[in-house]
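Chemist:
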Amino acid sequence: MGTGIVQLAAQAGHEVVLFDTRAGAAGQALDALGKTLHKLVEKGKFNPDQVKGILDRITVANALQDLAASGLVVEAIIEDLTIKKKLFSDLEKIVPKDCVLATNTSSLSVTAIAAACELTGRVIGLHFFNPAPILPLVEVVPGLATAEGTVGKAVELMHAWGKVPVTCRDTPGFIVNRVARPFYGESLRILEEGIADMATIDHAMRSKGGFRMGPFELMDLIGNDVNFAVTQSVYNAFFQDPRYRPSLTQQRMVEAGWFGRKSGRGYYDHSKAAITTEPSNDDALLDRICGRVLVMLINEAVDALYLGIASKKDLDLAMTKGVNYPKGLLDWANEKGLSQCLSALEGLQSEYGEDRYRPSPLLRRMAADGSTFN
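Here the working numbering runs 112 ahead of the position in the sequence shown, where the first position is 1.
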């Protein structure tokens, strides 16, 4: 992720200083970036002069003090609050007072990270999506003390880098990692209940929902260890709200070391000798599966709007540009009909008796009014 952000900044014409605490890591990252860019020349994505310009604008730092002249520092280190706070405290003593300090955290509180600094107004979240040079979305996340001017600078800069910035409140999971939780969680529930196997659930979400990948395929690509860690983080950050409860099935996958593609085995066998499981083509079953997952996703997006996490425009942009959903979930809710979405959720809540399926108050209100999301 850090290397991708370095590439973006250098492509945009900035002089970039790359630093890693592990000896030799920054140099290795720069070498790897050079190889990647030269391959892109072979594919016609860049010309040699462009690549030379990008690489010439990147300098490897030997110490944190080499960042002293920076106007922006983007941190992309381990997701550990204590370590991040120590880094930001150290950075503040080195960089100019007008330097913006940004964290690429995907799950930690920007407000908590900023609390390590004296000038909290210049600290902001810039959450890029992997691979950063390709995926257009950046979540711009101001903490409680972030200055409005810092937010404006960040949004303007992301536009200049050719990204699609969305602004959201500093809440667990921001937009994407919060709203997307049912894509995985509800699919795992369907599997655990024996309603359908993994191949059928993935097939349902692709064929009926139009998603590029099914949930089990995507979890294997992301890494089940990573996905499970994010789920646990969001669940605990929301004080164990049952809507975000992690899956025992996923925990067992992690315990077994079945992380997905990177380990050769996850929900699917990724070895060359793997036997493909054929999914069911029962239309009624596929519709039922897809409808259940989709209505949970819609409810999460509606609740995010209700709680003022982001605007309707930014919520829909985040899901289409960050995780390639075929359409924005609030637009999808309009298309399906809010009354139908509410009825489906009420049916699930009645059947299971779980708060996990509680409809958002905003969905209830708008379904009663016969209104739509504009």
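Where a beta carbon is used, it is the ideal one built from N, C-alpha and C, also for glycine.
Enumerate in chain order the residues of its own chain whose CB-to-CB distance from S383 is below 8 angstroms, with the five nearest sequence positions on each side excluded.
Modeler: Taking the sequence shown and counting its residues from 1, the one referred to as residue 383 is at position 271. If we look at S383 and ignore the five residues flanking it on each side, its Cβ neighbours are G376 and R377.
Chemist: Does the count of Cβ pairs from the region 276-288 and the region 445-453 closer than 8 angstroms reach three?
Modeler: Taking 8 angstroms as the limit for Cβ pairs, the verdict is that the region 445-453 does not touch the region 276-288.
Chemist: Say whether the region 290-309 touches the region 260-278, bearing in mind that this needs 3 or more beta-carbon pairs closer than 8 angstroms, one atom from each stretch.
Modeler: No, they do not touch.
Chemist: Sorted by chain position, which residues of the same chain lie with C-beta nearer than 8 angstroms to I206's C-beta, five sequence neighbours on each side aside?
Modeler: By 1-based counting over the sequence shown, the position of residue 206 is 94. Hits under 8 angstroms: L176, Q177, L179 and A180.
Chemist: Name the DSSP bridge partner or partners of A214?
Modeler: What you label residue 214 is simply residue 102 of the sequence shown in a count that begins at 1. In the DSSP output, where bridge partners are listed per residue, A214 has V186 and I236.
Chemist: Taking D332 as the reference, give the member of F350, R373, N348 and R293 with the closest Cα.
Modeler: Numbered from its first residue, the sequence shown carries residue 332 at position 220. Closest option to D332, Cα to Cα, is R373.
Chemist: Based on the DSSP output, what are the partners of R377 in its beta bridges?
Modeler: Sequence index remark: in the sequence shown, residue 377 carries index 265 (1-based). Answer by DSSP bridge pairing, in chain order: G372 and D381.
Chemist: For T262, name the three-state secondary structure that DSSP assigns.
Modeler: For the purposes of this step, residue 262 is taken as residue 150 along the sequence shown, with counting starting at 1. It is helical.
Chemist: Quick check: the region 352-361 against the region 461-471, are at least 3 beta-carbon pairs closer than 8 angstroms?
Modeler: With a cut-off of 8 angstroms, the region 352-361 and the region 461-471 count as touching, because enough Cβ pairs lie within range.
Chemist: Anyone know if the C-beta pair for E230 and H239 falls short of 8 angstroms?
Modeler: Within the sequence shown, numbered from 1, the residue matching residue 230 stands at position 118. Within the sequence shown, numbered from 1, the residue matching residue 239 stands at position 127. No. Outside cutoff.
Chemist: Could you tell me which residues DSSP puts in a beta bridge with I170?
Modeler: Residue numbering aside, residue 170 sits at position 58 when the sequence shown is read from its first letter. V128, per the DSSP bridge assignment.
Chemist: Is DSSP giving P277 helix, strand or coil here?
Modeler: Position 165 of the sequence shown, counting from 1, holds the residue named residue 277. It is a strand residue.
Chemist: Can you tell me whether DSSP reads P327 as helix, strand or coil?
Modeler: On the sequence shown, position 215 is the one that residue 327 refers to. Correct three-state label for P327: helix.
Chemist: What would DSSP say about L474, mapped onto helix, strand or coil?
Modeler: By 1-based counting over the sequence shown, the position of residue 474 is 362. Helix at L474.
Chemist: Consult DSSP for L249 and reduce its assignment to one of helix, strand or coil.
Modeler: By one-based count along the sequence shown, residue 249 stands at place 137. Three-state result, L249: strand.
Chemist: In angstroms, rounded to a whole number, what distance separates the CA positions of W370 and M310?
Modeler: Looking up residue 370 in the sequence shown gives position 258. Looking up residue 310 in the sequence shown gives position 198. So the alpha carbons of these two residues sit roughly 15 angstroms apart.
Chemist: Would you say R281 lies against chain D (beta-carbon separation less than 8 angstroms)?
Modeler: Looking at the structure shown, chain D is missing, and only one protein chain is on hand.
Chemist: Report the option in I287, S392 and F340 whose CA atom is closest to the CA atom of D314.
Modeler: In the sequence shown, residue 314 corresponds to position 202, counting from 1. Nearest C-alpha to D314: S392.
Chemist: Do you know whose CA, among R476, A479, G321 and A228, lies nearest G403's CA?
Modeler: Residue 403 sits at position 291 when you count from the first residue of the sequence shown. Nearest C-alpha to G403: G321.
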